[in-house]
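Keeping their order, the protein sequence lines are chains D and E. According to our numbering, the first sequence is numbered sequentially starting from 29. According to our numbering, the second sequence is numbered sequentially starting from 29. All remarks here apply to the structure that follows.
2 protein chains.
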Amino acid sequence: MIRVLVADDHPVVREGLITMLELEDDIEVVARAADGEEAVMMARREHPDITLLDVQMPVLDGIEALRRIRADDPEARVIVLTTYRNEDYIFPSLRAGARGYLLKDSSREELAGAIRAVAAGESLLDPEMVDAARDDAGLTAREFEVLRLMADGHNNAQIATALFVSENTVKTHVSNIFAKLDCRDRAAAVLQAWKRHLI
Amino acid sequence: MIRVLVADDHPVVREGLITMLELEDDIEVVARAADGEEAVMMARREHPDITLLDVQMPVLDGIEALRRIRADDPEARVIVLTTYRNEDYIFPSLRAGARGYLLKDSSREELAGAIRAVAAGESLLDPEMVDAARDDAGLTAREFEVLRLMADGHNNAQIATALFVSENTVKTHVSNIFAKLDCRDRAAAVLQAWKRHLI
DNA sequence: TCCGCCATCACCCGTTGGGGTGATCTTCTT
DNA sequence: AAGAAGATCACCCCAACGGGTGATGGCGGA
Numbered sequence: 029m030i031r032v033l034v035a036d037d038h039p040v041v042r043e044g045l046i047t048m049l050e051l052e053d054d055i056e057v058v059a060r061a062a063d064g065e066e067a068v069m070m071a072r073r074e075h076p077d078i079t080l081l082d083v084q085m086p087v088l089d090g091i092e093a094l095r096r097i098r099a100d101d102p103e104a105r106v107i108v109l110t111t112y113r114n115e116d117y118i119f120p121s122l123r124a125g126a127r128g129y130l131l132k133d134s135s136r137e138e139l140a141g142a143i144r145a146v147a148a149g150e151s152l153l154d155p156e157m158v159d160a161a162r163d164d165a166g167l168t169a170r171e172f173e174v175l176r177l178m179a180d181g182h183n184n185a186q187i188a189t190a191l192f193v194s195e196n197t198v199k200t201h202v203s204n205i206f207a208k209l210d211c212r213d214r215a216a217a218v219l220q221a222w223k224r225h226l227i
Numbered sequence: 029m030i031r032v033l034v035a036d037d038h039p040v041v042r043e044g045l046i047t048m049l050e051l052e053d054d055i056e057v058v059a060r061a062a063d064g065e066e067a068v069m070m071a072r073r074e075h076p077d078i079t080l081l082d083v084q085m086p087v088l089d090g091i092e093a094l095r096r097i098r099a100d101d102p103e104a105r106v107i108v109l110t111t112y113r114n115e116d117y118i119f120p121s122l123r124a125g126a127r128g129y130l131l132k133d134s135s136r137e138e139l140a141g142a143i144r145a146v147a148a149g150e151s152l153l154d155p156e157m158v159d160a161a162r163d164d165a166g167l168t169a170r171e172f173e174v175l176r177l178m179a180d181g182h183n184n185a186q187i188a189t190a191l192f193v194s195e196n197t198v199k200t201h202v203s204n205i206f207a208k209l210d211c212r213d214r215a216a217a218v219l220q221a222w223k224r225h226l227i
C-alpha cells in the first residue's frame with residue numbers, strides 16, 4: 029500500500045485528487061493539507077511514501093514546503109503538481125528535491141502511474157512539461173539575456189552597458205530576437221516571450 | 029433535486045467537483061463533459077437545472093459553449109468556473125448569459141450555495157472576482173482599447189486608423205497609459221498589463 | 001579541414017516613439 | 001452653474017528604434 033499525503037489549497041482539486049487516488053487499490057490517502065505549513069506538519073507526522081504538493085499554496089508555497097519536508101526527511105519522495113504550463117517551477121522543484129513534476133490535468137492513470145513510479149524509486153516528469161521547458165524558440169543564451177533586459181524596460185543603450193558590449197551588438201541581437209519570435213517590435217516580442225514562458 | 033451538468037477538461041477538477049456536489053443531498057450530477065462541444069451536447073440531451081462550465085476548455089471554449097447552450101435553451105442557467113483571477117472573462121461570460129461566476133478554489137459550501145442561489149433564480153459573482161475586476165489601474169475604456177492594440181504589435185499610426193482618431197490622440201493615450209502603469213515604453217507597459225491581467 | 005553558428009561591431013537610412021504644453025468639446029457630478 | 005474628467009487634436013523636438021548590409025573572430029561538429 030502506497031501511503032500518500034495530498035496538499036493543495038483548492039478544495040475542489042484536493043477532493044478530486046483524493047477521490048481519484050482512492051479508486052486505486054494500492055494507494056491510500058493518509059493525510060491532506062490545505063497549505064504549505066500544514067503539508068510540512070502532516071509529512072512530519074505521517075511520514076507518507078509520497079507527498080503530492082501543489083506549487084501555488086498560501087502561507088508557505090509548494091517549493092518552500094518541499095525544501096522543509098526534505099530537510100526533515102531526506103528520503104521523502106515528493107511529486108510537485110502545477111496547474112500552469114509554466115516551466116519556471118521545474119528547475120527550482122528539482123533542485124529542492126522533487127522526484128516528480130506533473131500537470132494537474134493529468135489523467136487518473138498518469139497520476140497513479142507517477143505515484144507508483146516515484147514510490148518505486150524512479151523520477152518522473154510530465155512529458156508536456158519537458159517539451160515546454162524545451163521551447164526556447166531557438167534563442168541563444170545571449171539573446172535570452174537581451175530579451176530579459178528588454179522586458180525590464182531597458183533600451184538598447186542600457187542593455188549594451190549591462191552586457192559590456194556595443195549598442196550595435198545589442199541591436200543585432202534584438203533584430204535576431206524579432207526574427208525568431210516573429211515580431212516587429214519589442215512590445216510584441218516581450219509579450220510573446222512572456223506568454224511562451226521564455227522569460 | 030437540482031440536476032447539474034459538470035463540464036471541465038481537467039479530470040482532477042471534474043472529479044473533485046462531482047465528488048463535492050454528490051455530498052449535497054439536494055444536488056445530483058446528471059452528466060459530465062470534458063470539452064465545450066461535449067458540454068453543449070450533454071446540455072441539449074439532459075436539460076440540467078445548472079451547468080457548471082470551465083472557461084478554459086479544448087475544442088470549444090467555455091464562453092462559446094455557453095453561447096450555444098443559451099441559444100439552444102434561453103432558460104438554461106450556467107455558472108462559469110475559472111482557475112485564474114482573470115477578470116477578462118467576467119463580462120464576456122455575463123454578456124453570454126452566465127448566471128454565476130466562481131473561482132475554482134471555492135469551498136464546497138460556496139459552490140453548493142452558488143448552485144442553489146442560481147437554481148433559485150439569483151445571480152452570483154465571486155466577491156474576489158468582483159474585486160479583481162476592479163483592478164483597472166485607473167485606465168479608461170479608451171486607454172484599454174489602445175493598450176490591447178499595442179499588445180498586438182500595432183504602432184501608433186495603425187492604432188489611430190483602427191480607432192478612427194488621429195495619431196496625436198493615440199500618442200496622448202499612450203503617454204497616459206505609461207504614466208498610469210508607471211512605465212517608460214510600450215514593451216514594459218504591455219508586459220505589465222499582461223501580468224496584471226489588464227489585457 | 002572546412003562549414004556553420006554565434007557573438008561582436010560598424011555604418012547608413014528613414015521611421016517611430018515618447019515628452020512637453022496647450023487647447024477644445026462633451027459628459028457627468030456636485 | 002461650476003468643476004472635474006475624459007476624449008480629441010495640434011505642434012515641436014530629439015532620442016530611440018528597426019532594417020539592411022557587411023565584416024571579423026572563435027568555437028564546435030561533420
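Every residue gets a Cβ at the ideal spot worked out from N, C-alpha and C, and that includes glycine. It should be emphasised that the depicted structure is a prediction, and the values quoted were computed from it without experimental measurement.
Beta-carbon of residue i versus every beta-carbon of chain D: anything under 8 Å?
| i | result |
| --- | --- |
| E/L219 | yes |
| E/D159 | For E/D159, the predicted structure reports a pLDDT of 47, less than 50, and the residue's modelled location is therefore unreliable. The matter cannot be settled from this model. |
| E/L45 | yes |
| E/D37 | yes |
| E/A216 | yes |
| E/R60 | no |
| E/R136 | yes |
| E/M48 | yes |
| E/V41 | yes |
With a CB to CB cut of under 7 Å and the five nearest residues on each side skipped, what residues in its chain are close to residue i?
| i | result |
| --- | --- |
| E/A59 | L33, M70, E74, P76 |
| D/E171 | H201, N204, I205 |
| E/I227 | L175, R176, A179, A221 |
List the whole-angstrom C-beta distance separating residue i from residue j, where the pair is believed to meet the contact cut-off of C-beta under 8 Å.
| i | j | result |
| --- | --- | --- |
| E/L51 | E/R136 | 7 Å |
| E/V41 | D/G44 | 6 Å |
| D/R31 | D/E56 | 6 Å |
| E/M85 | D/A215 | Rounded, the Cβ-Cβ distance is 30 Å, inconsistent with contact. |
| E/A142 | E/L130 | 6 Å |
| E/I111 | D/T111 | What sits at residue 111 of chain E in the sequence shown is Thr, not Ile. With a Cβ gap of about 6 Å, E/T111 and D/T111 count as contacting. |
| D/L209 | D/A140 | Wrong, their Cβ atoms sit about 39 Å apart, outside the cutoff. |
| D/V106 | D/V83 | No, D/V106 and D/V83 are not in contact; Cβ-Cβ is about 11 Å, not under 8 Å. |
| D/L219 | E/L219 | 6 Å |
Are the C-beta of residue i and some C-beta of chain E separated by less than 8 Å?
| i | result |
| --- | --- |
| D/D213 | yes |
| D/K132 | yes |
| D/S121 | no |
| D/P76 | no |
| D/R176 | no |
| D/H278 | The first residue shown for chain D is 29 and the last is 227, placing residue 278 of chain D beyond what the model contains. |
| D/D82 | no |
| D/G64 | no |
| D/T111 | yes |
| D/M70 | no |
| D/R144 | no |
| D/G181 | yes |
| D/R96 | no |
| D/M85 | no |
| D/V108 | no |
| D/V57 | no |
| D/V34 | no |
| D/A148 | no |
Report buried or exposed for residue i, applying the criterion of at least 16 other Cβ atoms within 10 angstroms of its Cβ.
| i | result |
| --- | --- |
| D/G149 | exposed |
| D/D133 | buried |
| D/S121 | buried |
| E/D101 | exposed |
| D/T189 | exposed |
| E/T168 | exposed |
| E/P196 | According to the sequence as given, residue 196 of chain E is Asn; it is not Pro. Per the 10 Å Cβ criterion, exposed. |
| D/L54 | Just to set this straight, residue 54 of chain D is Asp in the shown sequence, not Leu. So D/D54 counts as exposed. |
| E/A126 | buried |
| D/A217 | buried |
| D/A185 | exposed |
Who are the Cβ neighbours of residue i in its own chain at under 6 Å, not counting the five residues just before and after it?
| i | result |
| --- | --- |
| E/D213 | none |
| D/A147 | I30, D77, I78 |
| E/A104 | I97, R98 |
| E/V87 | D63, G64, E65 |
| D/V193 | none |
| D/D22 | Residue 22 of chain D falls outside the range modelled here, since chain D spans only 29 to 227, and no answer is possible. |
Taking 8 Å as the limit between beta carbons, can you name the residues of its chain near residue i, skipping five residues before and five after?
| i | result |
| --- | --- |
| D/V174 | I187, L191, V198, H201, V202, I205 |
| D/H182 | A190 |
| D/I46 | V34, V57, R60 |
Cβ-heavy atom distance between residue i and the ligand FMN below 7 Å?
| i | result |
| --- | --- |
| E/I107 | Ligands are entirely absent from the displayed structure, and the ligand FMN is therefore not among its contents. |
Report yes or no: do three or more beta-carbon pairs, one from the stretch 91-109 of chain D and one from the stretch 64-71 of chain D, lie closer than 8 Å?
Output reads yes: the stretch 64-71 of chain D touches the stretch 91-109 of chain D.
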